[in-house]
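Numbering (UniProt numbering), first residue to last: 1 to 535.
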C-alpha cells in the first residue's frame, strides 16, 4: 500500500480538516502577488521634463508650471526647436542640471523621489530584477531545505522574511537600499508560493491534487486585483508598501495551526510524528486510522535501508534519463511562461489603454482561467491544457502587431485580457503538472529548480518591458514573447507524459521503472523496519 492509498482509505481524499488546512496554506500567496508586482505602481512611467533654472528652488508640488506642462515638455508642439526644455535635456542639448519636473504630482513615486528617468531610467528594471534575483536563490535554497528539513519550517521562515523586507522597502531612503530589501522579498516568494502548493497537495487524494495550484493561482490573481485597487487610492508609494505588508502579522498563528507534511515525514521514516498528524486528520474527518498503519506501507528498497539511503541533491534531477528530460523541458517552460506573464503584468498598458484599469481587469480575468482549469484539467489532462494555453497566448501576442493607434480601443483590451488569462492558465497548470512529474524524494527540489529558472524569464521581462518597450515600442517584446511560448508548447507536447489521476511517484527508481522484480517494493515489519534492516 502506498501513501496515496492510506489517504484515500483512512482519511478521505478531501475531508473537512484537509479543506481547512488547504485554505490556510494557500492564503499567503496573495501577498506574493502584492510584492512581486508592486514595483509597477511604485515606479510607473511618468512624463517628465527638465526643470528650468527659475524652478530649481521650488519644492514639490509647486515646481510644476500648472497645466501648461505637456507630456513632451514643449508648450508649442509644432515648433519643437523653440522649446526651452525637453524630457531629458534642454533645447541646446545640455543635461538637466536643475533636476526634473513630473507630469503627475498627485502621486509620490520612487521615480520622482530618486529621479529614475533619463540616464537613471535603467535603474527601474534593475530594481525589479533584484526581486527576481532573490527569487532565483530562494527557489534553490527553499527547494533544498524543504526536502531536507520539512515544509512547515521553511514556509514560516519565508513569511517572516517577506514581512521584514516589506517594512524595509517602505523605510528605505535610497534606491539601492530599496532594491536590497526587494531582493529579500523575492527570496521569500518561492518559500511561500511553492511550499504552499506542495503542502496543499501532499495530504489530499490524487483526484483533488490540482486544487492546490488552482487555488494558489486564483488567490495570486485576486492579490493582483487588490494591489491595483489599493494602488489606485494610495498615492504615496511608502504607505502602499506598508499596507501591503502589515497583514502578514496574522500568519504568526500558523505556528500552531499548520502541521508538518505527513507525506514528507513518512518519506523520512519519521512514522511516529506522521502518525500523530494522520490520527488528528482522521479524527477531524470522522474517520479512523488503523493501529500501526505503517505495517501496510510499501517502501522502496533503497528508502528502507539507512545504510544504502543517500540524501538527494540538486544533481539528482539530471542523473537519470527520464528525470533529465523532464527537468530540461520544465527548465525551459517555466522561464518562458514567467517572462510572458510578468511582462504583461509589469506593464499593463503594453497593449494599450489605462494601466490601472488593465491591471485590475487583468487580475480579475485570471480567476475564470483558473476556474476553467479546475473543470477541465482532469478531463482534458495537464499536457493538452498547458499546450493549448501556450499556443493561445502566443497567437494573441502576435496579433497585436496589427494593432495601430487608430484601432478601436476595445481591441487591445481584449488582447491583453486573453493573453493574461491564457498565461494564468499556463501558470496554474504548470504548478500542478510539475510536482506530479517528479517523485517525493526530489519533488521540492524539482519545483524549486523550475521556479529558480523562471527568474531568468522574469528578469529578462523586466528589462524588456521597463526599458526596451518604453524606448523602442511594444513590438520589440510581443514578437519574442509569442515565439517563445509557442516553442514551449511544442516541447511539452512532444516530450512529456500525462499525469492526471496517476499516483504520485515516491522515488527516482519508480520514475525510471528500472527496479528488478525482487526489489520493487517491500513491506515493513510490525516494528516499522524493513526486512533489509533486520538482516
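Idealized CB from N, CA, C, for every residue including glycine.
These numbers were taken from a predicted model, which means no experiment stands behind them.
Original post:
Any beta-carbon of chain C closer than 7 Å to the one on residue 322?
Top reply: Absence of chain C from the displayed structure is noted, only one protein chain being present.
**OP:** Starting from the C-beta of residue 99, find all residues in its chain whose C-beta is less than 6 Å away, skip the five residues before and the five after it, and write them out in chain order.
**Re:** Only 51 meet the Cβ criterion.
Subject >> Contacting residues, own chain, Cβ-Cβ under 7 Å from residue 464 (five flanking each side not counted) >> reply: If the five residues before and after residue 464 are omitted, its C-beta is found closer than 7 Å to the C-beta atoms of 343 and 477, all from its own chain and listed in chain order.
Original post:
Cα separation between residue 364 and residue 167?
Top reply: Cα atoms of residue 364 and residue 167: separation of roughly 27 Å, rounded to the nearest angstrom.
**OP:** Report the partner residues of residue 50 according to the DSSP bridge assignment.
**Re:** In the DSSP output, where bridge partners are listed per residue, residue 50 has 100.
Original post:
Is it the case that the Cβ atoms of residue 370 and residue 218 are separated by a distance below 7 Å?
Top reply: For residue 370 and residue 218, yes; Cβs fall inside 7 Å.
Original post:
In the DSSP assignment, what residue or residues form a beta bridge with residue 342?
Top reply: DSSP output for residue 342 lists no bridge partner at all.
Original post:
On the three-state DSSP scale, how would you describe residue 90?
Top reply: Residue state for residue 90 is assigned as strand, using DSSP reduced to three classes.
Original post:
In whole angstroms, what separates the C-alpha of residue 200 from that of residue 4?
Top reply: One alpha carbon belongs to residue 200, the other to residue 4, and they sit about 14 Å apart.
**OP:** Decide yes or no for the touch test of the segment 132 to 139 against the segment 440 to 454: beta carbon pairs closer than 8 Å, at least 3 of them.
**Re:** Touching, yes.
Original post:
For the segment 22 to 39 against the segment 219 to 230, are there 3 or more C-beta pairs whose distance is under 8 Å?
Top reply: Judged by Cβ distances under 8 Å, the segment 22 to 39 makes contact with the segment 219 to 230, as three or more pairs qualify.
Subject >> Distance between beta carbons of residue 41 and residue 240, contact taken as under 8 Å >> reply: With a Cβ gap of about 7 Å, residue 240 and residue 41 count as contacting.
**OP:** Return the residue from the list 193, 435, 428 and 340 that minimises the CA-CA distance to residue 395.
**Re:** The option with the nearest alpha carbon to residue 395 is 340.
**OP:** Answer yes or no: do residue 39 and residue 128 have a C-beta to C-beta separation smaller than 7 Å?
**Re:** Between residue 39 and residue 128, the CB-CB gap stays under 7 Å.
Subject >> alpha helix (DSSP H) segment containing residue 25, residue limits >> reply: Residue 25: member of the alpha helix (DSSP H) spanning 16 to 26, first to last residue.
Original post:
Are residue 457 and residue 336 touching if we call contact CB-CB under 7 Å?
Top reply: Result yes, Cβ atoms of residue 457 and residue 336 sit closer than 7 Å.
Original post:
Using 8 Å as the threshold, is the segment 425 to 441 in touch with the segment 101 to 121, meaning 3 or more CB pairs across them?
Top reply: By the Cβ rule, the segment 425 to 441 does not count as touching the segment 101 to 121, because fewer than three pairs are nearer than 8 Å.
Original post:
Between residue 181 and the rest of its own chain, which residues show a CB-CB distance below 7 Å, the 5 nearest in sequence each way excluded?
Top reply: Cβ within range, chain order: 165, 168, 169 and 172.
Subject >> residue 95 - DSSP class collapsed to helix/strand/coil >> reply: Reduced to three states, the DSSP call for residue 95 is strand.
Subject >> Nonlocal neighbours in the same chain, by C-beta distance under 6 Å from residue 585, ignoring five residues either side >> reply: Given a span of 1 to 535 for the chain in the structure shown, any question on residue 585 remains unanswerable.
Subject >> Uninterrupted alpha helix (DSSP H) stretches inside the segment 122 to 186 (no shorter than 4 residues) >> reply: If we require 4 residues or more, the alpha helix (DSSP H) runs fully inside the segment 122 to 186 come out as 123 to 149 and 151 to 171.
Original post:
Do three or more CB pairs link the segment 242 to 252 to the segment 369 to 386 at distances below 8 Å?
Top reply: The segment 242 to 252 and the segment 369 to 386 do not touch, with fewer than 3 CB-CB distances between them shorter than 8 Å.
Original post:
Which residues share a DSSP beta bridge with residue 236?
Top reply: 108, per the DSSP bridge assignment.
Subject >> C-alpha gap between residue 499 and residue 17, whole angstroms >> reply: Spanning the two alpha carbons is a distance of roughly 26 Å.
**OP:** Could you say which of 359, 438 and 49 lies nearest to residue 318 if we only look at CA atoms?
**Re:** Cα-wise, what sits closest to residue 318 is 438.
**OP:** Classify residue 552 as buried or exposed, calling it buried when 16 or more other Cβ atoms lie within 10 Å of its own Cβ.
**Re:** This structure cannot speak to residue 552, because the chain is shown only from 1 to 535.
Original post:
Around the C-beta of residue 135, are 16 or more other C-beta atoms found within 10 angstroms, so that it is buried, or is it exposed?
Top reply: Per the 10 Å Cβ criterion, buried.
Original post:
residue 196 and residue 440 look like a contact to me (Cβ under 8 Å); what is the Cβ gap, rounded to whole Å?
Top reply: In this structure, residue 196 and residue 440 do not form a Cβ contact; the two beta carbons are roughly 17 Å apart against a cut-off of 8 Å.
Subject >> With 16 other Cβ atoms within 10 Å as the buried cut-off, status of residue 152 >> reply: Buried, by the Cβ-count rule.
**OP:** Let me know the secondary structure DSSP gives residue 438 once reduced to three states.
**Re:** The answer is coil: DSSP assigns residue 438 none of H, G, I, E or B.
**OP:** Please classify residue 509: is it buried, with 16 or more other beta-carbons within 10 angstroms of its beta-carbon, or exposed?
**Re:** Classification of residue 509: buried, given that the 10 Å Cβ count is 16 or more.
Subject >> Chain-order list of residues whose beta-carbon lies under 6 Å from that of residue 390 (same chain, five-residue window excluded) >> reply: 426, 485, 488 and 489.
**OP:** With a threshold of 16 other CB atoms inside 10 Å of the CB of residue 111, please say whether the residue is buried or exposed.
**Re:** With 16 or more Cβ atoms within 10 Å of its Cβ, residue 111 is classed as buried.
Original post:
Thinking C-beta only, is residue 429 closer than 7 Å to residue 386?
Top reply: Contact annotation: residue 386 and residue 429 have beta-carbon atoms nearer than 7 Å.
Original post:
Which value, in whole angstroms, describes the spacing of the CA atoms of residue 333 and residue 256?
Top reply: If you take the alpha carbons of residue 333 and residue 256, they lie about 37 Å apart.
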